[in-house]
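Asks:
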Amino acid sequence: MININGYLISNSLTKSCRHARYINWAAKSTLIGVYQRAMWRLLRPDAIYVWRDEEVRERLSHYYAVLKGERPAKYLVVKRIEVEYSENDGEEELWRLHDEKSREFRETYEDVVEGVKALEDMRRPKRSFLDLKIELVKRLVKECKLCEWRCGAKRLEGQRGVCGLDATVRVASAFLHMGEEAPLVPSGTIFFTGCSFKCVYCQNWDISTDPLNGISVTPKELAQIAVRLYAEGAKNINYVGGNPDQQLHVIIESLRYMEVNVPLLWNSNMYMTEESMKILLDVIDIWLPDFKYGNDECAKRLSKVPRYFEVVSRNHKLACKEGDMIIRHLVLPNHIECCTKPVLRWIAQNCPRALVNIMDQYRPEHLVYLHPEKYPDIARRPTTDEMREAFEYAEALGICYKPVSR
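Residue 1 is where the sequence shown starts when you use our numbering, and the numbers rise one by one after that.
(1) Report the option in K198, V185, E373, S173 whose CA atom is closest to the CA atom of G164.
(2) On the criterion of 16 or more Cβ atoms from any shown chain inside 10 Å, does E221 qualify as buried, or is it exposed?
(3) Put D89 into one of helix, strand or coil per three-state DSSP.
(4) Helix, strand or coil for W266, going by three-state DSSP, please let me know.
(5) Go ahead and pull the three-state DSSP assignment for N3.
(6) Starting from D324, trace the beta strand (DSSP E) in both directions and tell me its first and last residue.
(7) If we require 3 or more residues per run, which beta strand (DSSP E) segments fall completely within the segment 123-210?
(8) Tell me whether E232 sits in a helix, a strand or coil according to DSSP, three-state version.
(9) Starting from the Cα of V260, find the closest Cα among I48, G115, Y230 and give me that residue.
(10) In the DSSP assignment, find the unbroken alpha helix (DSSP H) run with I358 in it and report its ends.
(11) I'd like to know if the segment 326-335 and the segment 274-294 are in contact, where contact means that at least 3 CB-CB pairs between them fall below 8 Å.
(12) I need the boundaries of the alpha helix (DSSP H) containing I48, first residue and last residue.
(13) Identify whether Y75 lies in helix, strand or coil by the three-state DSSP scheme.
(14) So, using beta-carbon positions, are Y393 and I378 closer together than 9 Å?
(15) Name the DSSP bridge partner or partners of S217?
(16) With DSSP collapsed to three states, give me the class of I399.
(17) Nearest to A348 by CA position, among I190, K138, E395, is which residue?
(18) Helix, strand or coil, according to DSSP, for N334 in the structure here?
(19) Note down, in chain order, each residue of its chain lying with its Cβ closer than 6 Å to the Cβ of K145, except the 5 sequence neighbours on either side.
(20) Return the chain-ordered list of same chain residues with a C-beta closer than 8 Å to the C-beta of E337, the five sequence neighbours on each side being excluded.
(21) Within this structure, are the beta carbons of Y308 and A299 separated by less than 9 Å?
(22) Work out the CA separation of A47 and E55 for me, nearest whole Å.
(23) Going by alpha carbons, who is nearest to G426 out of V116, Q246, Y257, E92?
(24) Under three-state DSSP, which class holds V116?
(25) On the CB-based measure, 16 or more other CB atoms within 10 Å of its CB, does N88 come out buried or exposed?
(26) At the 9 Å Cβ level, is K235 part of the contact set with chain B, yes or no?
(27) Could you check the C-alpha separation between L94 and L136 for me, to the nearest Å?
(28) Roughly how many angstroms separate the alpha carbons of R124 and V262, rounded to a whole number?
(29) Give me the Cα-Cα distance between V77 and I284, rounded to the nearest whole angstrom.
(30) Go ahead and pull the three-state DSSP assignment for R406.
(31) Could you give the distance in angstroms between the alpha-carbon of Y22 and the alpha-carbon of Y257?
(32) Out of P186, S405, P376, state which residue places its alpha-carbon closest to the alpha-carbon of M387.
(33) Is it true that the CB of K138 sits closer than 9 Å to the CB of L156?
(34) Under the three-state reduction of DSSP, which class applies to I279: helix, strand or coil?
(35) Among I225, S303, S196, A167, which one has its Cα closest to the Cα of W149?
(36) Does the Cβ of L212 have 16 or more other Cβ atoms within 10 Å, making it buried, or fewer, making it exposed?
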């Protein structure tokens, strides 16, 4: 065992050559962290200045408090809520218990924030609310309904779902990301393979379309990756991809092996089922969701998914109620009227507290690059005029976008 910042980490994972692609020796993490912290201050000074903005601090108040060590990350309290159940209990009974314990968690967390209770005084029960979540997610994966495809793949038996994945979770890379939104830098990003979407312009197509393009990890190994990133200076643990939703069973179980006070960030296309959202709402400290399309037609043609707006708007609304959020909207050329403006209107009306990153990073990639004649509307980058129109529309709606849009 190796001691890093007071946490014992097994060095068996770090000795494995198959993980050499993305795992540093654990003993070097603290030294690397010193270097990384110096570098990100030089590369992204806006990551420091952004916190001088009172509106940013207010809109990300929970996340900021966890960053400052003024309150614990949610998952740490979830692990201390006692639960009694049996693996023989029916799924309906377990969900009823989950809803009851979710209410208890919120009351307990509020007591912790207000100083009525202290995390260090809360004993770890034999069975926790986290254990119940792990049990429920395993049931969701049996005939998979983690996302709204609800494809029913028996992933635990080796069947692959619409996402291309069986029950094995693979990590393509994990590192301190300096390119995320200013309040998140440096972000401890963990990139998973596979995705529930089939976006024709995907910029991460090499991992989203190839589930085997990565290293398989167990829950304990995934936790060790997260703790290593934290030791190196990560402000958050950023589950991304591909898409993280399809990896929920291993991500949730990995929290058993973590005890560091770091915010958990969910970077998703937000196509999860309501069941998956219930699992996440109590453990995620800050949400970084995509809101791509303002209608189902564009979603079906460009990402191959049905019922897009209904599902994604529902999940954004649930997340908005429970936590801090930075919504990403990628501006597509020729899609200002059909997508950008409806998305921004919906955000202004339903998630007015969220920060919004109005992104100009679109470029023709993947299938659009290979076959521009099939997708003539998005076969170019957005123009300066299109971006100006998007920014002015957000301004008129009162959306706070400037601190996180680059």
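Ideal Cβ placement from N, Cα and C applies to all residues, glycine included.
Replies: Quick answer:
(1) Against the sequence shown, residue 164 aligns to sequence position 164. Checked all of K198, V185, E373, S173; the closest Cα to G164 is K198.
(2) Counted from its first residue, the sequence shown places residue 221 at position 221. That one is buried.
(3) Position 89 of the sequence shown, counted from the first residue, corresponds to residue 89. Three-state result, D89: coil.
(4) Position 266 of the sequence shown, counting from 1, holds the residue named residue 266. Strand, per DSSP.
(5) One-based indexing of the sequence shown puts residue 3 at position 3. With a pLDDT of only 31 at N3, under 50, the local geometry of the prediction cannot be trusted, and the value read off the model is given with reservation. Three-state result, N3: strand.
(6) Position 324 of the sequence shown, counted from the start, is the residue given in the question as residue 324. Note, D324: beta strand (DSSP E), 324-330.
(7) 169-177, 187-192
(8) Indexing the sequence shown from 1 puts residue 232 at position 232. Three-state DSSP puts E232 in coil, outside helix and strand.
(9) Walking along the sequence shown from the start, residue 260 turns up at place 260. That would be Y230, whose Cα lies nearest to the Cα of V260.
(10) Here the question's residue 358 lines up with position 358 in the sequence shown. Careful: I358 lies outside any alpha helix (DSSP H), inside the beta strand (DSSP E) at 355-359.
(11) yes
(12) For the purposes of this step, residue 48 is identified with residue 48 of the sequence shown, where counting begins at 1. 46-49 is the extent of the alpha helix (DSSP H) around I48.
(13) In the sequence shown, counting from the first residue as 1, residue 75 sits at position 75. Y75 falls in the helix class under three-state DSSP.
(14) Translated into positions along the sequence shown, residue 393 becomes position 393. Translated into positions along the sequence shown, residue 378 becomes position 378. For Y393 and I378, no; Cβs fall outside 9 Å.
(15) For the purposes of this step, residue 217 is taken as residue 217 along the sequence shown, with counting starting at 1. Position check: residue 217 holds Val in this sequence, whereas Ser was assumed. According to DSSP, which records beta bridges pairwise, V217 is partnered with V169.
(16) Taking the sequence shown and counting its residues from 1, one reaches residue 399 at position 399. Three-state DSSP puts I399 in coil, outside helix and strand.
(17) For the purposes of this step, residue 348 is identified with residue 348 of the sequence shown, where counting begins at 1. Comparing Cα-Cα distances from A348 to each of I190, K138, E395, the minimum goes to E395.
(18) The residue given as residue 334 occupies position 334 in the sequence shown. Three-state result, N334: coil.
(19) One-based indexing of the sequence shown puts residue 145 at position 145. So the list reads T273, once near-sequence residues are dropped.
(20) Numbered from 1 along the sequence shown, position 337 holds the residue referred to as residue 337. Counting only Cβ-Cβ distances below 8 Å, and skipping sequence neighbours, we find nothing.
(21) For the purposes of this step, residue 308 is identified with residue 308 of the sequence shown, where counting begins at 1. For the purposes of this step, residue 299 is identified with residue 299 of the sequence shown, where counting begins at 1. Contact: yes.
(22) Counting from 1 along the sequence shown, the entry for residue 55 is found at position 55. Counting from 1 along the sequence shown, the entry for residue 47 is found at position 47. Going from the Cα of E55 to the Cα of A47 covers about 15 Å.
(23) The structure shown does not extend to residue 426, since the chain spans only 1 to 406, so no value can be given for it.
(24) In the sequence shown, residue 116 corresponds to position 116, counting from 1. It is coil, neither helix nor strand.
(25) The residue labelled residue 88 in the question sits at position 88 within the sequence shown. The residue in question, N88, is exposed, as its Cβ has fewer than 16 Cβ neighbours within 10 Å.
(26) The question asks about chain B, but that chain is absent: this structure has only one protein chain.
(27) Working through the sequence shown from its first residue, we reach residue 94 at position 94. Working through the sequence shown from its first residue, we reach residue 136 at position 136. The alpha-carbon atoms of L94 and L136 are separated by roughly 7 Å.
(28) Numbered from its first residue, the sequence shown carries residue 124 at position 124. Numbered from its first residue, the sequence shown carries residue 262 at position 262. Computed Cα separation, rounded: 19 Å.
(29) Along the sequence shown, read from residue 1 onward, the residue named residue 77 stands at position 77. Along the sequence shown, read from residue 1 onward, the residue named residue 284 stands at position 284. Using only the alpha carbons, I get a separation of about 12 Å.
(30) The residue you call residue 406 lines up with position 406 of the sequence shown. Coil, per DSSP.
(31) Here residue 22 refers to the residue found at position 22 of the sequence shown. Here residue 257 refers to the residue found at position 257 of the sequence shown. With a pLDDT of only 37 at Y22, under the threshold of 50, the placement of this residue in the model should not be trusted; the figure read from the coordinates follows. Rounded to whole angstroms, Y22 to Y257 spans 19 Å at the Cα level.
(32) For the purposes of this step, residue 387 is taken as residue 387 along the sequence shown, with counting starting at 1. When each option's Cα is compared against that of M387, the closest is S405.
(33) As a position in the sequence shown, residue 156 is number 156, starting the count at 1. As a position in the sequence shown, residue 138 is number 138, starting the count at 1. Cβ atoms of L156 and K138: closer than 9 Å.
(34) One-based indexing of the sequence shown puts residue 279 at position 279. Three-state DSSP puts I279 in a helix.
(35) To locate residue 149, count along the sequence shown from 1; it is residue 149. Looking at the Cα atoms, S196 is the closest of the given residues.
(36) Here residue 212 refers to the residue found at position 212 of the sequence shown. Flag for L212 reads exposed.
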